[in-house]
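All the letters of the sequence shown, read from the start, carry residue numbers 13 to 276 under our numbering. Comments concern the structure below.
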Amino acid sequence: MNIVICVKYVPDATGDRHFESDNTVDRVGVDGLLSELDEYAVEQALQLKEKNEDSVVTALTVGPEDASEAIKKALQMGADKGVHVVDDAIAGSDYLATSQVLAAAITKIGEESEVDVVICGMASTDATGSVIPAMLAERLDLPQVTLGSVIESQGKEFRIKRDGDTSTEVIGATAPLVLSVTDQSGEARYPSFKGIMAAKKKPLETWSLSDIGVDAGQVGLDAAWTAVENTEERPPRTAGEVVTDEDGSGAKALVDFLASKKFI
Ligand SMILES: Cc1cc2nc3c(=O)[nH]c(=O)nc-3n(C[C@H](O)[C@H](O)[C@H](O)COP(=O)(O)OP(=O)(O)OC[C@H]3O[C@@H](n4cnc5c(N)ncnc54)[C@H](O)[C@@H]3O)c2cc1C
């Protein structure tokens, strides 16, 4: 089975994050990592590989130079090879352009052998659009099942459970297809020491836009269909209010506080 996982390199949410003057996210001057939600996609791809001998799992990312770190993590977890699409023209790309680049790369990956399953996370942890998997399915003309919480498969037949607020549904689908998986789909494995060492020898290809046949004029900030007009950093959190109950008035003080905030 030929499996592609889309892994996004995102700014580390525990570090300082900033916007650039053109309202794009600063991705170069900050620490980054594989989007935690994409680790679930890696896990599902690896479980699929374990069930289907001779499977090949390719980790694909579109992003700046450092985005190869996201691929390296996927390789350490057990993916077989990586593809990094990097090109200055991609900076500032919107969802449409990002999905176009990813789809073109997946098409190229499928030139040797048809891609059976494309697996994405439920959302990136930075832009959190949750739209790329659907856009990929449209561009690749494949069926999509998004936000799967349980993925079962037998050969190319899939049964995917999706959880809603009031009900769950089970969708049947046949590969080739695009899947996105939630953080309920199964704990992602940690890279083992053996995996970390093995990853150093796994192939990681770097492709430019011309390698995948995408016109540079169709991507990037200038080609975006939408514009981020304004961004503001959130004010830092202020210290909370502490109620000290020394004379039995604590309960009333709590109720007054909640009422003042209109919680009750
Ligand atoms: C006008 C505009 C300008 C923008 N400028 C920038 C910019 O300069 N730099 C920037 O990074 N973003 C920029 N963005 C946001 C960028 O378009 C999104 O980050 C990107 O399209 C992916 O969307 P998402 O992160 O919401 O992914 P989602 O739809 O939430 O992602 C779902 C899944 O798709 C896959 N996926 C998504 N993106 C990638 C990727 N790049 N590589 C591999 N897999 C992926 C992952 O599996 C992920 O879990 C801009 C957006 C707009 C509208």
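A virtual CB, placed ideally from N, CA and C, is assigned to each residue, including glycine. Predicted model, so just to flag it, every value in this text is computed and none were measured.
Determine whether the beta carbon atoms of residue i and residue j lie at a separation below 8 Å.
| i | j | result |
| --- | --- | --- |
| Phe269 | Glu253 | yes |
| Val19 | Val54 | yes |
| Tyr107 | Val143 | yes |
| Val190 | Lys173 | no |
| Ile224 | Gln88 | no |
| Thr321 | Val22 | Since the first and last residues shown for the chain are 13 and 276, residue 321 lies out of range. |
| Ala79 | His96 | yes |
| Glu81 | Leu45 | yes |
| Ala185 | Val157 | yes |
| Lys206 | Lys93 | no |
At the level of alpha carbons, what is the spacing between residue i and residue j?
| i | j | result |
| --- | --- | --- |
| Leu233 | Asp34 | 9 Å |
| Val74 | Ser222 | 14 Å |
| Lys63 | Lys168 | 11 Å |
| Tyr202 | Leu58 | 12 Å |
| Leu114 | Leu72 | 8 Å |
| Ile183 | Ser272 | 47 Å |
| Glu126 | Ala139 | 30 Å |
| Met118 | Val16 | Before going on, a small fix: residue 118 reads as Ile here, not Met. Whole-angstrom Cα-Cα distance: 7 Å. |
| Asp128 | Gln112 | 19 Å |
| Ala236 | Thr110 | 10 Å |
| Lys212 | Arg39 | 24 Å |
| Asp177 | Pro145 | 21 Å |
| Leu60 | Ser165 | 8 Å |
| Asn242 | His30 | 13 Å |
| Glu258 | Val267 | 16 Å |
| Ala251 | Ser261 | 22 Å |
| Gln150 | Asp175 | Gln is not the amino acid found at residue 150; the sequence shown has Glu there. Taking the straight line from one Cα to the other gives about 23 Å. |
| Thr256 | Ala135 | 42 Å |
Between residue i and chain B, is there a C-beta pair that is closer than 8 Å?
| i | result |
| --- | --- |
| Val74 | Absent here is chain B; the protein component of the structure consists of one chain. |
Nearest by alpha-carbon distance to residue i: which of the options is it?
| i | options | result |
| --- | --- | --- |
| Val130 | Gly141, Trp219, Met147, Thr140 | Met147 |
| Ala25 | Ser47, Val226, Ser80, Thr180 | Ser47 |
| Glu245 | Thr36, Ala116, Gln230, Val22 | Thr36 |
| Glu217 | Arg29, Tyr52, Lys84, Gly44 | Lys84 |
| Pro248 | Asn14, Val16, Asp28, Ile17 | Asp28 |
| Ser197 | Cys132, Asp177, Thr186 | Cys132 |
| Ser67 | Ala91, Val231, Ala82 | Ala91 |
| Asp195 | Glu51, Arg39, Asp43 | Glu51 |
| Phe170 | Gln56, Gly41, Ala82, His30 | Gln56 |
| Glu32 | Val240, Gly260, Asp259, Leu60 | Val240 |
| Gly41 | Val231, Met13, Glu77, Ala86 | Glu77 |
| Lys355 | Trp219, Ala265, Thr250 | Since the displayed the chain opens at 13 and closes at 276, residue 355 lies outside it and no answer follows. |
| Ala200 | Arg151, Ala211, Asp177, Ala86 | Ala86 |
| Leu152 | Glu164, Asp257, Ala187, Ser261 | Ala187 |
| Glu65 | Met13, His30, Ala251 | Met13 |
| Gln230 | Glu123, Ser105, Glu124 | Ser105 |
What distance in whole Å lies between the Cβ atoms of residue j and residue i, which are believed to be in contact at a cut-off of 8 Å?
| i | j | result |
| --- | --- | --- |
| Val193 | Gly160 | 5 Å |
| Ala228 | Ala101 | 4 Å |
If you measure from the CB of residue i, is any heavy atom of ligand 2 nearer than 7 Å?
| i | result |
| --- | --- |
| Lys84 | As far as ligands go, the structure on display features ligand 1 and does not contain ligand 2. |
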